[in-house]
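Following: one structure in structure tokens, then a few remarks.
Here it is in structure tokens:
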């Protein structure tokens, strides 16, 4: 029965990918169709199918997407644009400088929070209007590279809580096999710094490979009364600024104040509606016409796929492929490739939590130092933005920009493969077999 359920889940996943690639169907409709099949076949309970609708990141998206539209009607956007484009020079040079600056900012922010969605929505808030007014720099070209940089740099420097503690978690897997060669606080940085830098450069230089689309801002058609310059009155702009700051700071402090932080953007929207800064219909439009529905359905499908046991089945297949006496290079290459593929459809955390223990046992049996393999699996589980199910940030990007895998894979796949190869090489150089 369980094997039949797994096959149904995989069949629905294939259907989801085919429909997404076709580009002929509404993304949210595709997601709802797949969830309906999974529920009616008895593979997933309704609570799990609808889990994306009450996921904390989707809840946050409801408020932050509306705030992003409001922020676009303030003077703040123009000031940010002037700062980012300052320095003169040719248009193409200015655009490259702007994109590179955004990638560096994303890498820095990724050291202090593990929430990709928070960083994306904060940056999207002031980039929405700028990108819609630009000829070349479109949100559809920027969000996925930003997400790739954020995930590949997440907690890599020992300055934030994640960067200072991740190695301890990974050491628990290593110690469980009786191994005494452990990672240190700088291990992740040493093994991923070169791939991370290359990832930033690759993202900045190849953003034009992605489709040039204007984000649908029809959700923002109903607004409060604006001034003659097309902006909100000064007093209302101040309220928008305060609301944005409260939401952004709350999201960064989420590890300390708990999941209630993800409701702060909605609370801010409610206050704006009461104060007549935000129109009620505008807020409802941002939910129904924005990326919320697609993101919620994708999260539901991803949760079902993760809980289906697909990761465990793949892990068992890896053991069969490696055989009895694999070399260190064979182990690290196989796990790197399988991790990159798996994390494109399964939860990042679930991917490395399943594969790292298996890899540690394989290395122990072969008498090989497991550190390079462990770091590689962990890093590769964060490298994919190839599909909308790869991670929350990827889901937001595909839904907000109405992207199609067929349109994006020429930029996302080479970047992921390039950084995977570099992670393997870098890790082996730091911890040779």
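Residue numbers (the UniProt record's numbering): 1 to 433.
Quick reminder that beta carbons are idealized off the backbone N, C-alpha and C, glycines included.
With contact defined as three or more Cβ pairs closer than 8 Å, the stretch 306-316 and the stretch 58-73 are not in contact. With contacts defined as CB atoms closer than 9 Å, residue 345 and residue 387 qualify as a contacting pair. Pairing residue 184 with residue 377, the inter-Cα distance amounts to about 17 Å. Secondary structure at residue 285: helix, using DSSP grouped into helix, strand and coil. In this structure the stretch 94-107 lies against the stretch 137-154, because at least three pairs of beta carbons, one per stretch, are closer than 8 Å.
Considering only 251, 277, 96 and 193, the residue with the shortest C-alpha distance to residue 204 is 96. Of 407, 374 and 404, the smallest CA-CA separation from residue 191 is found for 374. No Cβ-Cβ contact shorter than 9 Å links residue 60 with residue 124.
Cα atoms of residue 7 and residue 338: separation of roughly 19 Å, rounded to the nearest angstrom. Closest in alpha carbon position to residue 271, among 351, 38 and 239, is 239.
At a Cβ-Cβ threshold of 9 Å, residue 427 and residue 332 count as neighbours. Counting along the chain, the unbroken alpha helix (DSSP H) around residue 392 starts and ends at 392-401.
Taking the Cα of residue 46 as reference, the smallest distance to any Cα among 155, 366 and 297 is reached at 297.
Contact between the stretch 22-41 and the stretch 245-263 is absent, with fewer than three C-beta pairs closer than 8 Å.
The alpha-carbon of residue 295 is positioned some 21 Å away from that of residue 413.
Cβ-Cβ distances below 7 Å link residue 421 to nothing in the same chain once the five nearest sequence neighbours on each side are left out.
With 16 or more other Cβ atoms inside 10 Å of its own Cβ, residue 299 counts as buried.
In the structure shown, the three-state DSSP call for residue 156 is coil. DSSP places residue 278 in the coil class of the three-state scheme, outside both helix and strand. About 7 Å separates the Cβ atoms of residue 208 and residue 141, confirming a contact at the 8 Å cut-off.
Annotation for residue 235: the continuous alpha helix (DSSP H) segment containing it runs 234-252. The C-alpha of residue 53 lies about 26 Å from the C-alpha of residue 145. Rounded to whole angstroms, the separation of the alpha carbons of residue 202 and residue 411 is 9 Å. Linking residue 245 to residue 79 through their CA atoms gives a straight-line distance of about 16 Å. Classified as exposed, residue 181 has fewer than 16 neighbouring CB atoms from the shown chains inside 10 Å of its CB.
Secondary structure note for residue 72: it is in no alpha helix (DSSP H), with a DSSP letter that is neither H nor E. In the displayed model, residue 414 falls within a helix according to three-state DSSP. Per DSSP, residue 36 is one residue of the alpha helix (DSSP H) stretching across 27-40. The beta carbons of residue 143 and residue 396 sit closer together than 9 Å. For residue 358, the enclosing alpha helix (DSSP H) stretches over residues 348-366. Burial is judged here by how many other beta carbons sit within 10 angstroms of a residue's own beta carbon; residue 359 has at least 16 and is buried. Between residue 357 and residue 349, the alpha-carbon positions lie close to 13 Å from each other. In the displayed model, residue 302 falls within a helix according to three-state DSSP. Separation of the CB atoms of residue 334 and residue 322 is rounded to 6 Å, and the pair is thereby assigned contact status at 8 Å.
When C-alpha distances from residue 135 are compared across 213, 32 and 365, the shortest belongs to 213.
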